[in-house]
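Asks:
In the numbering used here, the protein residues as written are 47 to 507.
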């Protein structure tokens, strides 16, 4: 670090944008990626464990809809509440606390001996898990230089897909050999083991510290590690191109010209997560009931996650060049077509796995694109709230998707009815992205956008 003359003003956003990724960034991103692995693992674990749980407890499979719903309801509340808390008190303490809660109550899921205990454990675990994605996405965007910000966010948040794939691979072995509880013992232990590395390497948002004007010593400490050549000294003042906000932070998402884009982003998240969670929750069960083995059913679900893993990386590179709206609209339209094919009876196994992979590419890969779009659109002290609110509204769709799919199955509908119904919200997501370009042309027009605020907002001094 270099000494700064008295009265020197340093714009933190400009420092990050002009910087380069180093060992500090890679360590922080690795920790954040580990947090996101937990999110993806949990998404798939219950879907893979559900058939064994139903057999163990002597329940019809349709009775497990509330179990899926309890976790998703927790995710909905956790995404919104933790996003607002993080924009007030910091991303770091919220992420560490949420990881501890998630780990403890995932272990409680594994130990549950009754439906009420299972529902309670899934709900509280969801509250903790809901904090992970919005804050991890925000932090990656806030530490990545502008020139490769979107690609970095997409690659790091691909930890979600890694976790989902790992859940499939482990569950294919664990559930038949050790029962439905085994994935949750592992899924609860890993986040607790991650707490010490998080305490050491997880940073706080430089921009959030600067815009709040609080904890200047903490800002200097993290800046010293992120940008060793940055000016320091008792007279230095750190700024961002934003003004601090007052009042109820959730309402700020609808002010200063953000209302139309915010509502459309919420709708896109809602529709896309109906598809993600319906497919993730029920595909293994539907494949099993179509006459395939349990292992094949697990691998069908894993094909969706593998598609999402590959798709997220490729889309991150494409988004960097072509922009959010055209790429995401194309993805969601392709997902609708693939879901119609996936629901056809008598589909050969090879075709089933290929189409499942394509669905994962489009919807699982498209969701990090929506998160990255929100991260580039909202200013610093609304960023976690904005991402979290979108994910929270989306997880209402995630709650609705498995419940509606369960109702279709309970009413006598089969796989064809479930996947045909899922094609509708996928088409809605594509239409919403086109409407976003028409209603708010500046949103998502370029993936090179800064994470700074809309023009006209003065710097925080």
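Idealized CB from N, CA, C, for every residue including glycine.
In this text, all values refer to a predicted model and were calculated from it rather than measured experimentally.
1. Could you tell me if residue 249 is buried or exposed, where buried requires 16 or more neighbouring beta carbons within 10 angstroms of its beta carbon?
2. Alpha carbon to alpha carbon, how far is residue 73 from residue 66?
3. If you count every other CB in all the chains shown that lies within 10 Å of the CB of residue 470, and 16 or more means buried, which is it?
4. List the whole-angstrom C-beta distance separating residue 264 from residue 62, where the pair is believed to meet the contact cut-off of C-beta under 8 Å.
5. Would you grab the beta carbon distance between residue 348 and residue 468 for me? Rounded to a whole angstrom, and I think it's under 8 Å.
6. In three-state DSSP terms, what is residue 52?
7. Give the single residue among 234, 247 and 410 whose Cα lies nearest to the Cα of residue 323.
8. What three-state label does DSSP hand residue 405 in the structure shown?
9. Of all the options 352, 221 and 169, which has the alpha carbon lying nearest to the alpha carbon of residue 152?
10. Could you tell me which residues DSSP pairs with residue 508 in its beta bridges?
11. So, at 7 Å on beta carbons, what are the nonlocal neighbours of residue 454 in its own chain, with the 5 sequence-adjacent residues on each side left out?
12. Could you check where the alpha helix (DSSP H) with residue 338 kicks off and where it finishes?
13. Output the distance between the C-alpha atoms of residue 381 and residue 281, rounded to the nearest integer angstrom.
14. Within its chain, find whatever has a CB closer than 7 Å to the CB of residue 481; leave out the 5 residues flanking it on each side and keep chain order.
15. Taking DSSP as the reference, what is the three-state secondary structure of residue 88?
16. Just to check my reading of the structure: residue 421 and residue 183 have Cβ atoms closer than 8 Å, yes? What is that Cβ distance to the nearest angstrom?
17. Residues in the same chain with beta-carbon distance under 7 Å from residue 362, minus the five sequence neighbours each way, listed in chain order, please.
18. So is residue 219 buried or exposed if we call it buried at 16+ other beta carbons inside 10 Å?
19. Could you tell me the distance, in whole angstroms, from the CA atom of residue 233 to the CA atom of residue 154?
20. Please classify residue 135 as buried or exposed, where buried requires at least 16 neighbouring CB atoms within 10 angstroms.
21. Taking just the CA atoms, how far does residue 368 sit from residue 118?
22. Using CA atoms only, rank isn't needed, just tell me which of 315, 285 and 161 is closest to residue 477.
23. Write down the C-beta distance between residue 286 and residue 59 rounded to the nearest angstrom, noting that I regard them as a contact closer than 8 Å.
24. I'd like the list of long-range same chain contacts for residue 120, defined as Cβ closer than 6 Å, with 5 residues on each side in sequence excluded.
25. What residues in its chain sit with their C-beta under 8 Å from that of residue 446, if we drop five residues either side in the sequence?
26. Just curious, the alpha helix (DSSP H) that residue 413 is in, first and last residue?
27. Residue 427 lies in the alpha helix (DSSP H); which residues open and close that run?
28. Check whether the segment 432 to 451 and the segment 390 to 404 are in contact - that is, three or more C-beta pairs closer than 8 Å.
29. Is the beta carbon of residue 94 less than 7 Å from the beta carbon of residue 330?
Replies: Answer, in terms of the structure:
1. The Cβ neighbour count for residue 249, taken over all protein chains shown within 10 Å, is at least 16; the residue is labelled buried.
2. Within the model, the alpha-carbon separation for residue 73 versus residue 66 is close to 14 Å.
3. Counting other Cβ atoms within 10 Å of its Cβ, residue 470 stays below 16 and is therefore classed as exposed.
4. Not really, about 16 Å apart at Cβ, beyond 8 Å.
5. The C-beta distance from residue 348 to residue 468 rounds to 18 Å, too long to fall under 8 Å, and the pair is not in contact.
6. Legend: pLDDT at residue 52 = 49, less than 50; position of this residue unreliable, value from coordinates given subsequently. Looking at residue 52 - three-state DSSP - the assignment turns out to be coil, as it is neither helix nor strand.
7. Of the residues 234, 247 and 410, the one whose Cα lies closest to the Cα of residue 323 is 410.
8. In this structure, residue 405 counts as helix in the three-state DSSP scheme.
9. The shortest Cα separation from residue 152 among 352, 221 and 169 belongs to 169.
10. Any question about residue 508 goes unanswered here, given that the chain covers just 47 to 507.
11. Hits under 7 Å: 463, 464 and 467.
12. It is not in any alpha helix (DSSP H) - residue 338 carries neither H nor E in the DSSP assignment.
13. Here the C-alpha atom of residue 381 lies approximately 55 Å from the C-alpha atom of residue 281.
14. These residues qualify, in order along the chain: 310.
15. If DSSP states are grouped into helix, strand and coil, residue 88 belongs with the helices.
16. Contact holds; Cβ gap of about 5 Å.
17. So the list reads 196, 197, 200 and 201, once near-sequence residues are dropped.
18. That one is exposed.
19. So the alpha carbons of these two residues sit roughly 11 Å apart.
20. Residue 135 is exposed by the Cβ-count criterion.
21. Near 33 Å, if we compare the C-alpha coordinates of residue 368 and residue 118.
22. Minimum Cα distance to residue 477 is reached at 315.
23. The Cβ separation is near 5 Å, so the contact holds.
24. Same-chain partners within the cutoff: 169, 172 and 173.
25. Excluding its 5 nearest sequence neighbours in each direction, residue 446 has C-beta neighbours in its own chain below 8 Å: 320, listed in chain order.
26. It spans 411 to 423 - the alpha helix (DSSP H) in which residue 413 sits, taken as one unbroken run.
27. Looking at the DSSP string, the run of the alpha helix (DSSP H) that includes residue 427 is 426 to 456.
28. Because the criterion of three Cβ pairs below 8 Å is not met, the segment 432 to 451 and the segment 390 to 404 do not touch.
29. Result yes, Cβ atoms of residue 94 and residue 330 sit closer than 7 Å.
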